[in-house]
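Asks: Starting off with a structure, shown below.
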C-alpha cells in the first residue's frame, strides 16, 4: 500500500487526478494503521507544495433561521422536525455588519447561506450593496437553492464570485431532492463565470468508499474550485440525529485521500468542522460560521462552537501556512 500512496503522491504533484478504483483503494486504508499515518503525511506534503503554503478562511452567514419544506434527514431546518421555535431572518444591515467583521479579520471566502426558497433576486440586490459598502479582496459565495444559467449569469453580474452546490451523499434518499435537479444547477454553474465549491457531505459511517469516490469525481467533473469533507453533525430530533459523528481520524483520512486524488485541479481542500489532524492531513480551508446553521438546533448569535477567526488562523499558522 505504501507504493500506492507514493504513486498517488507523484500523480498529485504532476497534476493527474486519480480514477475511482485508485480513490477507493486509498479510502480502504485502515484508519489506525501505519499506512494511514503515511497517507496523511504525504497528503500534507502535497498540500503545502500545491498551495505554496497558503491557507484560507471561509466565513459563512446563515441568513434565514426558518423551517424548510425539503425535510432533509440530517438538517435541523426541516419543517417536519419542528425544531425551529422562533424564526430569524437577518436584515441587510445585519448581514453587512457580519461581512465587514469577516473581512476585518482576514476571511477570504464569505458565504451567504439560505434555505431552499430564499429569493435569489433579493440576494442579487444584497450582493450589490455589500460590494458598495464593504471594501476588500474577499470572494462572495452563495449557498442557495436551484437555479438556471440565466440566474447564474445574473448572480455573477451582481458581484457573486462562486456558488457552493453539492450532490449530497445519498441525495434523493436522505434528502427530498432529485439528483437531476441538482445536476442541472451544477451544469448552470459550470457554463457560467461562477466558481463551484463542492464538498463531500454530510459524511457519516454509513457511506461507502465507492459513494465517496463517486461524489468527489462528480465534483471534479463539474470543475470544483474547492472540495473537501463536511462531517454529518447529529442533531437530536432529526431522523439521523441518533447516528454517531464521524471520528476526527476518519475525517482526516478522507481529507488526505481527496488531497491526493484531485491532482492540481483541486488545489483547495476544506474540512468542516476543523481539526488539527485534518489540517495536518491536507486541508487548507476551514469554516467559521454564524447565524442559521443546519447542523444545530439553535441560532448561532456568535461564532458556531466558539470557532472564530483567531482560532482558525492559529490552527494554520502552527502548521506553517500563511493566511491568504
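Residue numbers (the working numbering): -19 to 304. Note that the Cβ used here is the ideal one computed from N, Cα and C, for glycine as well.
So within the stretch 115 to 157, which uninterrupted alpha helix (DSSP H) runs reach at least 4 residues, ignoring any that extend past its ends?
Replies: Correct list: 129 to 138.
Asks: Report the three-state DSSP secondary structure of residue 57 (helix, strand or coil).
Replies: Coil, per DSSP.
Asks: Does DSSP put residue 241 in a helix, a strand or coil?
Replies: Three-state DSSP puts residue 241 in a helix.
Asks: If you reduce the DSSP assignment to three classes, tell me which class residue 253 lands in.
Replies: Note: residue 253 maps to coil in three-state DSSP.
Asks: Look at the alpha carbon of residue 215 and the alpha carbon of residue 30, and state the distance between them as a whole number of angstroms.
Replies: Rounded to the nearest angstrom, the two C-alpha atoms are 36 angstroms apart.
Asks: By how many angstroms is the C-alpha of residue 2 removed from the C-alpha of residue 94?
Replies: Computed Cα separation, rounded: 36 angstroms.
Asks: Rounding to the nearest angstrom, what Cα-Cα distance links residue 120 and residue 217 in this structure?
Replies: If you take the alpha carbons of residue 120 and residue 217, they lie about 32 angstroms apart.
Asks: Out of 122, 77, 92, which has the shortest C-alpha to C-alpha gap to residue 114?
Replies: Nearest option by C-alpha distance: 77.
Asks: Please state the DSSP three-state secondary structure of residue 269.
Replies: DSSP places residue 269 in strand when its eight states are reduced to three.
Asks: Count the other CB atoms, across all protein chains shown, that sit within 10 Å of the CB of residue 212; report buried if there are 16 or more and exposed otherwise.
Replies: Burial call: buried.
Asks: For the beta strand (DSSP E) holding residue 34, just list the boundary residues, first then last.
Replies: That run of the beta strand (DSSP E) goes 34 to 42.
Asks: Does the Cβ of residue 274 have 16 or more other Cβ atoms within 10 Å, making it buried, or fewer, making it exposed?
Replies: Buried is the call here.
Asks: Closest to residue 129 by CA distance: which of 278, 117, 222, 143 is it?
Replies: For residue 129, the nearest C-alpha among the options comes from 143.
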